[in-house]
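Per the UniProt record's numbering, numbering of the sequence shown is gapless, rising by one per residue and ending at 347. Here a beta-carbon is modelled for each residue, glycine too, at the ideal position from N, C-alpha and C. Nothing here was measured: the structure is a model prediction, and the numbers come from that model.
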Amino acid sequence: MPDVNLHHYRCRAVFDWMEVAIDLPKKMLTLNVGRALKTALSDPGLGGVMVTDRARKTGEHTDQMLIRLQDPSLQRFKKLFEVIERRYHVPSAGPTMQHRVVGLELSVDFYPRPSKIKDEDDRILRRIQMSELLRKHFAPDELFISGDFSHTRDWLRYSDGMTYRQISAVPGPAAKALREVPKLLLASSDPKGHAPAPINATVYVGEKERELHYRLQDKTGNMRQKSEFRALPPQERRSRIEYTLFNKGWKGETLAEQLGIYTVSDISGFQFQNNRTSLLTFELPVFSVDKTGAPALEEIEIFKKTGCVGLKLFHIGRQEIERAKDIRDEMGRLPNPTCWRCPKPPM
(Lines of atoms letter the chains of each structure in order from A and count residues from 1; the text may use other names and numbers.)
(Lines give C-alpha, C1' and ligand atoms only; values in the text may rest on other atoms or scores of the structure.)
Protein backbone atom coordinates (compact mmCIF):
# COMPACT_ATOMS: atom_id res chain seq x y z
CA MET A 1 0.00 0.00 0.00
CA PRO A 2 1.18 3.61 -0.45
CA ASP A 3 2.68 5.40 2.51
CA VAL A 4 -0.66 6.89 3.54
CA ASN A 5 -1.77 6.84 7.17
CA LEU A 6 -5.53 6.23 7.15
CA HIS A 7 -5.78 7.65 10.67
CA HIS A 8 -4.91 11.04 9.18
CA TYR A 9 -8.29 11.10 7.40
CA ARG A 10 -11.88 11.48 8.49
CA CYS A 11 -14.32 9.21 6.70
CA ARG A 12 -17.97 10.19 6.18
CA ALA A 13 -20.72 8.33 4.30
CA VAL A 14 -23.86 10.05 2.96
CA PHE A 15 -26.78 8.94 0.80
CA ASP A 16 -26.99 10.95 -2.43
CA TRP A 17 -30.36 9.49 -3.37
CA MET A 18 -32.66 6.66 -2.40
CA GLU A 19 -35.36 4.91 -4.41
CA VAL A 20 -38.49 3.22 -3.02
CA ALA A 21 -41.24 1.15 -4.65
CA ILE A 22 -44.87 2.30 -4.34
CA ASP A 23 -48.05 0.56 -5.54
CA LEU A 24 -51.01 2.86 -6.30
CA PRO A 25 -54.69 1.75 -6.25
CA LYS A 26 -55.02 2.61 -9.95
CA LYS A 27 -52.86 3.60 -12.89
CA MET A 28 -51.59 7.16 -12.95
CA LEU A 29 -49.20 9.18 -15.10
CA THR A 30 -45.77 9.23 -13.44
CA LEU A 31 -45.25 12.88 -14.44
CA ASN A 32 -48.42 13.94 -12.60
CA VAL A 33 -47.43 12.06 -9.45
CA GLY A 34 -43.98 13.63 -9.65
CA ARG A 35 -45.43 17.15 -9.86
CA ALA A 36 -47.62 16.51 -6.82
CA LEU A 37 -44.67 15.26 -4.78
CA LYS A 38 -42.44 18.18 -5.73
CA THR A 39 -44.89 20.56 -4.07
CA ALA A 40 -44.22 18.80 -0.76
CA LEU A 41 -40.51 19.62 -0.86
CA SER A 42 -39.42 23.15 -0.03
CA ASP A 43 -35.80 22.68 1.01
CA PRO A 44 -33.51 25.27 -0.60
CA GLY A 45 -30.19 23.76 -1.62
CA LEU A 46 -31.41 20.15 -1.49
CA GLY A 47 -32.25 17.88 -4.39
CA GLY A 48 -35.67 17.03 -5.77
CA VAL A 49 -37.74 13.94 -6.48
CA MET A 50 -38.29 11.88 -9.62
CA VAL A 51 -41.08 9.36 -10.29
CA THR A 52 -40.77 6.56 -12.86
CA ASP A 53 -42.26 3.18 -13.63
CA ARG A 54 -40.50 -0.04 -12.54
CA ALA A 55 -38.36 0.07 -15.69
CA ARG A 56 -37.22 3.56 -14.61
CA LYS A 57 -38.93 5.28 -17.53
CA THR A 58 -40.64 8.64 -17.12
CA GLY A 59 -43.96 9.68 -18.64
CA GLU A 60 -45.51 6.22 -18.25
CA HIS A 61 -49.05 5.29 -17.20
CA THR A 62 -48.78 2.72 -14.40
CA ASP A 63 -49.80 1.76 -10.87
CA GLN A 64 -46.32 0.46 -9.95
CA MET A 65 -43.93 3.35 -9.44
CA LEU A 66 -40.47 4.12 -8.18
CA ILE A 67 -39.81 7.31 -6.23
CA ARG A 68 -36.22 8.55 -6.22
CA LEU A 69 -35.45 11.24 -3.64
CA GLN A 70 -32.23 13.25 -3.76
CA ASP A 71 -30.60 14.12 -0.41
CA PRO A 72 -32.87 11.62 1.37
CA SER A 73 -33.80 11.84 5.04
CA LEU A 74 -36.59 10.46 7.19
CA GLN A 75 -38.18 13.91 7.42
CA ARG A 76 -38.16 14.46 3.65
CA PHE A 77 -39.57 11.01 2.95
CA LYS A 78 -42.28 11.64 5.54
CA LYS A 79 -43.42 14.71 3.57
CA LEU A 80 -43.66 12.65 0.39
CA PHE A 81 -45.54 9.79 2.00
CA GLU A 82 -48.05 12.20 3.56
CA VAL A 83 -48.90 13.47 0.06
CA ILE A 84 -49.13 9.92 -1.30
CA GLU A 85 -51.44 8.84 1.52
CA ARG A 86 -53.65 11.92 1.33
CA ARG A 87 -53.86 12.22 -2.45
CA TYR A 88 -53.53 8.66 -3.71
CA HIS A 89 -54.82 6.73 -0.68
CA VAL A 90 -51.65 4.68 -0.20
CA PRO A 91 -50.99 3.99 3.50
CA SER A 92 -47.61 5.27 4.63
CA ALA A 93 -47.22 2.11 6.75
CA GLY A 94 -47.27 4.12 9.94
CA PRO A 95 -44.43 6.08 11.55
CA THR A 96 -41.84 3.48 10.49
CA MET A 97 -42.46 4.10 6.76
CA GLN A 98 -42.01 0.50 5.65
CA HIS A 99 -41.72 1.10 1.91
CA ARG A 100 -39.13 -1.14 0.27
CA VAL A 101 -35.84 0.45 -0.81
CA VAL A 102 -34.86 -0.81 -4.27
CA GLY A 103 -32.00 1.53 -5.15
CA LEU A 104 -29.59 4.05 -3.67
CA GLU A 105 -26.40 5.96 -4.20
CA LEU A 106 -23.95 6.11 -1.31
CA SER A 107 -20.98 8.49 -1.26
CA VAL A 108 -17.99 7.80 0.97
CA ASP A 109 -15.80 10.86 1.51
CA PHE A 110 -12.26 11.08 2.91
CA TYR A 111 -11.16 14.41 4.39
CA PRO A 112 -7.62 15.15 5.61
CA ARG A 113 -7.88 15.73 9.37
CA PRO A 114 -7.15 19.39 10.23
CA SER A 115 -5.02 18.30 13.20
CA LYS A 116 -2.74 16.29 10.91
CA ILE A 117 -1.97 18.90 8.25
CA LYS A 118 0.80 21.49 8.38
CA ASP A 119 -0.49 24.04 5.89
CA GLU A 120 -2.66 24.40 2.81
CA ASP A 121 -0.10 22.73 0.54
CA ASP A 122 -0.01 19.74 2.88
CA ARG A 123 -3.82 19.56 2.81
CA ILE A 124 -3.77 19.41 -1.00
CA LEU A 125 -1.02 16.77 -1.00
CA ARG A 126 -2.86 14.51 1.45
CA ARG A 127 -6.12 14.78 -0.50
CA ILE A 128 -4.42 13.90 -3.77
CA GLN A 129 -2.60 10.99 -2.12
CA MET A 130 -5.91 9.55 -0.95
CA SER A 131 -7.57 10.12 -4.32
CA GLU A 132 -4.74 8.23 -6.03
CA LEU A 133 -4.86 5.44 -3.43
CA LEU A 134 -8.55 4.91 -4.15
CA ARG A 135 -8.00 4.84 -7.91
CA LYS A 136 -5.05 2.48 -7.83
CA HIS A 137 -6.13 0.04 -5.10
CA PHE A 138 -9.94 0.00 -5.36
CA ALA A 139 -10.76 -3.17 -7.33
CA PRO A 140 -14.16 -4.64 -6.37
CA ASP A 141 -14.53 -8.37 -6.94
CA GLU A 142 -18.20 -7.85 -7.85
CA LEU A 143 -17.18 -6.64 -11.31
CA PHE A 144 -15.29 -9.83 -12.04
CA ILE A 145 -17.64 -12.42 -10.54
CA SER A 146 -21.06 -11.04 -11.55
CA GLY A 147 -20.94 -11.61 -15.29
CA ASP A 148 -18.24 -10.93 -17.84
CA PHE A 149 -16.55 -7.58 -17.26
CA SER A 150 -16.34 -6.99 -20.99
CA HIS A 151 -19.39 -4.99 -22.05
CA THR A 152 -18.76 -2.10 -24.42
CA ARG A 153 -19.67 0.40 -21.68
CA ASP A 154 -17.62 -1.46 -19.04
CA TRP A 155 -14.37 -0.02 -20.37
CA LEU A 156 -12.51 1.79 -17.60
CA ARG A 157 -12.99 5.48 -18.37
CA TYR A 158 -12.78 9.00 -17.00
CA SER A 159 -14.43 12.35 -17.62
CA ASP A 160 -13.12 15.89 -17.22
CA GLY A 161 -15.81 17.52 -19.34
CA MET A 162 -15.41 14.92 -22.08
CA THR A 163 -15.28 11.15 -21.59
CA TYR A 164 -12.15 9.18 -22.45
CA ARG A 165 -11.20 5.53 -22.14
CA GLN A 166 -8.34 4.57 -19.85
CA ILE A 167 -7.95 1.34 -21.81
CA SER A 168 -8.16 1.40 -25.59
CA ALA A 169 -7.31 -1.00 -28.36
CA VAL A 170 -3.92 -0.58 -30.00
CA PRO A 171 -4.34 -0.17 -33.79
CA GLY A 172 -3.73 -3.25 -35.88
CA PRO A 173 -5.59 -6.35 -37.02
CA ALA A 174 -6.30 -9.07 -34.47
CA ALA A 175 -5.28 -12.63 -35.21
CA LYS A 176 -8.09 -14.86 -36.42
CA ALA A 177 -7.80 -17.02 -33.29
CA LEU A 178 -8.47 -13.97 -31.10
CA ARG A 179 -11.73 -12.81 -32.67
CA GLU A 180 -13.75 -14.45 -29.89
CA VAL A 181 -11.77 -12.72 -27.12
CA PRO A 182 -13.78 -9.74 -25.74
CA LYS A 183 -12.38 -6.48 -27.08
CA LEU A 184 -11.85 -5.02 -23.60
CA LEU A 185 -9.73 -7.99 -22.52
CA LEU A 186 -7.82 -7.95 -25.79
CA ALA A 187 -7.04 -4.25 -25.36
CA SER A 188 -6.14 -4.73 -21.68
CA SER A 189 -3.55 -7.37 -22.56
CA ASP A 190 -1.36 -4.75 -24.27
CA PRO A 191 0.43 -2.36 -21.86
CA LYS A 192 0.37 0.31 -24.58
CA GLY A 193 -3.43 0.38 -24.37
CA HIS A 194 -3.47 1.69 -20.77
CA ALA A 195 -3.56 5.42 -19.95
CA PRO A 196 -3.78 7.31 -16.61
CA ALA A 197 -6.66 9.59 -15.64
CA PRO A 198 -5.91 13.23 -14.69
CA ILE A 199 -6.31 13.87 -10.97
CA ASN A 200 -9.17 16.34 -11.58
CA ALA A 201 -11.18 13.79 -13.61
CA THR A 202 -13.97 11.48 -12.45
CA VAL A 203 -13.14 7.79 -12.94
CA TYR A 204 -15.98 5.38 -13.76
CA VAL A 205 -15.73 1.68 -12.90
CA GLY A 206 -18.41 -0.57 -14.41
CA GLU A 207 -21.04 0.29 -16.99
CA LYS A 208 -23.97 2.49 -15.94
CA GLU A 209 -26.49 -0.32 -16.51
CA ARG A 210 -24.84 -2.61 -13.97
CA GLU A 211 -26.81 -3.08 -10.77
CA LEU A 212 -23.65 -2.05 -8.89
CA HIS A 213 -21.18 0.44 -10.34
CA TYR A 214 -18.79 3.08 -9.05
CA ARG A 215 -17.38 6.56 -9.50
CA LEU A 216 -14.14 7.87 -7.98
CA GLN A 217 -13.51 11.59 -7.62
CA ASP A 218 -11.03 14.11 -6.34
CA LYS A 219 -13.92 16.34 -5.37
CA THR A 220 -13.06 20.04 -5.39
CA GLY A 221 -16.42 21.48 -6.47
CA ASN A 222 -20.07 20.89 -7.30
CA MET A 223 -22.00 21.10 -10.55
CA ARG A 224 -25.14 23.07 -9.70
CA GLN A 225 -26.17 23.24 -13.35
CA LYS A 226 -24.78 21.37 -16.33
CA SER A 227 -22.48 24.25 -17.18
CA GLU A 228 -21.97 25.84 -13.77
CA PHE A 229 -19.08 24.69 -11.55
CA ARG A 230 -18.93 25.95 -7.97
CA ALA A 231 -15.58 25.48 -6.22
CA LEU A 232 -15.69 24.13 -2.68
CA PRO A 233 -13.86 25.82 0.21
CA PRO A 234 -10.48 24.13 0.84
CA GLN A 235 -11.68 22.40 4.02
CA GLU A 236 -14.60 20.78 2.14
CA ARG A 237 -12.52 19.31 -0.67
CA ARG A 238 -12.13 15.56 -0.41
CA SER A 239 -11.57 12.18 -2.03
CA ARG A 240 -14.77 10.31 -2.85
CA ILE A 241 -16.14 6.92 -3.92
CA GLU A 242 -19.75 6.78 -5.08
CA TYR A 243 -21.59 3.45 -5.02
CA THR A 244 -24.73 3.16 -7.15
CA LEU A 245 -26.95 0.15 -6.36
CA PHE A 246 -30.27 -0.61 -7.98
CA ASN A 247 -32.30 -3.68 -8.77
CA LYS A 248 -33.64 -4.62 -12.19
CA GLY A 249 -35.70 -7.51 -10.83
CA TRP A 250 -38.13 -7.54 -7.94
CA LYS A 251 -37.74 -11.03 -6.50
CA GLY A 252 -35.32 -11.99 -3.76
CA GLU A 253 -33.03 -9.78 -1.72
CA THR A 254 -32.09 -6.41 -3.18
CA LEU A 255 -28.54 -5.03 -3.15
CA ALA A 256 -29.65 -2.37 -0.67
CA GLU A 257 -31.00 -5.09 1.62
CA GLN A 258 -27.61 -6.77 1.58
CA LEU A 259 -26.33 -3.62 3.29
CA GLY A 260 -29.11 -3.83 5.89
CA ILE A 261 -31.31 -1.18 4.23
CA TYR A 262 -34.73 -2.75 3.76
CA THR A 263 -36.98 0.28 4.20
CA VAL A 264 -36.73 4.05 4.50
CA SER A 265 -36.69 3.69 8.29
CA ASP A 266 -33.30 1.99 8.09
CA ILE A 267 -31.65 5.29 7.09
CA SER A 268 -31.33 6.33 10.72
CA GLY A 269 -29.72 3.06 11.79
CA PHE A 270 -27.28 2.69 8.91
CA GLN A 271 -23.67 2.47 10.06
CA PHE A 272 -21.04 2.67 7.35
CA GLN A 273 -18.46 1.07 9.64
CA ASN A 274 -20.53 -2.13 9.70
CA ASN A 275 -20.25 -2.34 5.90
CA ARG A 276 -16.74 -0.96 5.49
CA THR A 277 -15.03 -4.22 4.56
CA SER A 278 -17.65 -5.12 1.93
CA LEU A 279 -17.64 -1.64 0.33
CA LEU A 280 -14.01 -0.53 0.59
CA THR A 281 -12.48 -3.42 -1.34
CA PHE A 282 -8.84 -2.33 -1.56
CA GLU A 283 -6.35 -4.75 -3.09
CA LEU A 284 -2.61 -5.06 -3.50
CA PRO A 285 -1.17 -5.52 -6.98
CA VAL A 286 0.42 -8.84 -7.93
CA PHE A 287 3.22 -8.68 -10.48
CA SER A 288 4.81 -11.40 -12.56
CA VAL A 289 8.57 -11.70 -12.10
CA ASP A 290 11.37 -11.94 -14.63
CA LYS A 291 14.27 -14.40 -14.58
CA THR A 292 16.04 -12.36 -11.90
CA GLY A 293 12.99 -12.38 -9.62
CA ALA A 294 12.27 -8.68 -10.18
CA PRO A 295 8.69 -7.48 -10.88
CA ALA A 296 7.81 -7.22 -14.56
CA LEU A 297 8.32 -3.60 -15.59
CA GLU A 298 5.40 -3.57 -18.03
CA GLU A 299 3.03 -4.61 -15.23
CA ILE A 300 4.36 -1.91 -12.92
CA GLU A 301 3.63 0.64 -15.66
CA ILE A 302 0.10 -0.73 -16.05
CA PHE A 303 -0.50 -0.41 -12.31
CA LYS A 304 0.74 3.20 -12.38
CA LYS A 305 -1.83 4.01 -15.07
CA THR A 306 -4.94 1.94 -14.36
CA GLY A 307 -4.33 0.43 -10.92
CA CYS A 308 -5.43 -2.99 -9.71
CA VAL A 309 -8.47 -3.02 -12.02
CA GLY A 310 -6.26 -2.51 -15.07
CA LEU A 311 -3.76 -5.08 -13.82
CA LYS A 312 -6.53 -7.62 -13.27
CA LEU A 313 -7.84 -7.05 -16.77
CA PHE A 314 -4.31 -7.38 -18.16
CA HIS A 315 -3.81 -10.79 -16.54
CA ILE A 316 -7.29 -12.01 -17.47
CA GLY A 317 -6.77 -10.77 -21.04
CA ARG A 318 -3.45 -12.57 -21.36
CA GLN A 319 -5.04 -15.77 -20.08
CA GLU A 320 -7.97 -15.43 -22.50
CA ILE A 321 -5.50 -15.07 -25.37
CA GLU A 322 -3.65 -18.21 -24.26
CA ARG A 323 -6.96 -20.08 -24.17
CA ALA A 324 -7.87 -18.84 -27.63
CA LYS A 325 -4.47 -19.97 -28.96
CA ASP A 326 -4.77 -23.31 -27.12
CA ILE A 327 -1.62 -22.63 -25.09
CA ARG A 328 -1.53 -25.10 -22.20
CA ASP A 329 0.56 -25.47 -19.04
CA GLU A 330 2.89 -28.36 -18.28
CA MET A 331 -0.11 -30.39 -17.07
CA GLY A 332 -1.93 -29.84 -20.35
CA ARG A 333 -4.49 -27.47 -18.82
CA LEU A 334 -5.82 -24.28 -20.36
CA PRO A 335 -5.69 -21.08 -18.25
CA ASN A 336 -8.82 -20.26 -16.25
CA PRO A 337 -9.10 -16.44 -16.22
CA THR A 338 -11.78 -16.43 -13.50
CA CYS A 339 -9.30 -17.87 -10.98
CA TRP A 340 -6.98 -14.85 -10.99
CA ARG A 341 -7.38 -12.54 -8.01
CA CYS A 342 -5.33 -9.85 -6.32
CA PRO A 343 -4.85 -10.66 -2.61
CA LYS A 344 -6.62 -8.45 -0.10
CA PRO A 345 -4.35 -6.19 2.00
CA PRO A 346 -4.83 -6.07 5.78
CA MET A 347 -7.44 -3.49 6.81
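If the five residues before and after Lys-219 are omitted, its C-beta is found closer than 6 Å to the C-beta atoms of Arg-238 and Arg-240, all from its own chain and listed in chain order. Shown here, Ala-177 sits in a helix according to DSSP, grouped into three states. Residue burial annotation: Thr-52 is buried, with at least 16 other C-beta atoms found within 10 angstroms of its C-beta. Boundaries around His-137 are those of the alpha helix (DSSP H), 120-137, since no beta strand (DSSP E) includes it.
With respect to the 7 Å criterion, Pro-196 and Asp-160 are not classified as neighbours on the basis of their beta carbons. Short of 7 Å from the beta carbon of Leu-245, and not among the five residues preceding or following it, lie these beta carbons of its own chain, in chain order: Gly-103, Leu-104, Glu-211, Leu-212, Leu-255 and Ala-256. When the alpha-carbon of Ala-55 is set against those of Leu-284, Asp-63 and Gly-48, the nearest one is in Asp-63.
For the pair Glu-85 and Pro-91, the Cα-to-Cα distance works out to about 5 Å.
Sequence-distant partners of Gly-307 (beyond 5 residues in either direction) whose C-beta falls short of 6 Å from its own C-beta, in its chain, are Arg-135 and Lys-136. A straight-line Cα-Cα distance of about 40 Å links Met-18 and Asp-190. Less than 7 Å divides the Cβ of Leu-334 from the Cβ of Arg-323. Ile-261 counts as buried, since at least 16 other C-beta atoms from the protein chains shown sit within 10 angstroms of its C-beta.
The beta carbon of Phe-287 is closer than 6 Å to those of Pro-295, Ala-296 and Glu-299 in its chain, skipping five residues each way along the sequence.
By alpha-carbon distance to Lys-57, the top candidate from Asp-326, Leu-31, Glu-283 and Ala-13 is Leu-31.
By the CB criterion at 7 Å, Ala-36 and Val-309 fall outside the cutoff. With a threshold of 16 other beta carbon atoms within 10 Å, Arg-76 meets it and is buried. Under the 10 Å beta carbon count, Asn-247 is surrounded by 16 or more other beta carbons and is classified as buried. For the 7 Å CB-CB criterion, Lys-116 and His-8 form a contact.
The beta carbon of Asn-275 sits closer than 6 Å to the beta carbons of Leu-259 from its chain, once the five residues preceding and following it are set aside; these are given in chain order. In the three-state scheme derived from DSSP, where H, G and I count as helix and E and B as strand, Arg-210 is classed as coil. In the three-state DSSP reduction, Asn-274 falls in the helix class (H, G or I). Residue pairing by DSSP places Leu-216 opposite Val-203 and Ile-241 in a beta bridge. Taking 7 Å as the cut-off, the Cβ atoms of Glu-242 and Ser-107 count as close. Note on the segment 5-84: whole alpha helix (DSSP H) runs with a minimum of 4 residues are 30-38, in chain order.
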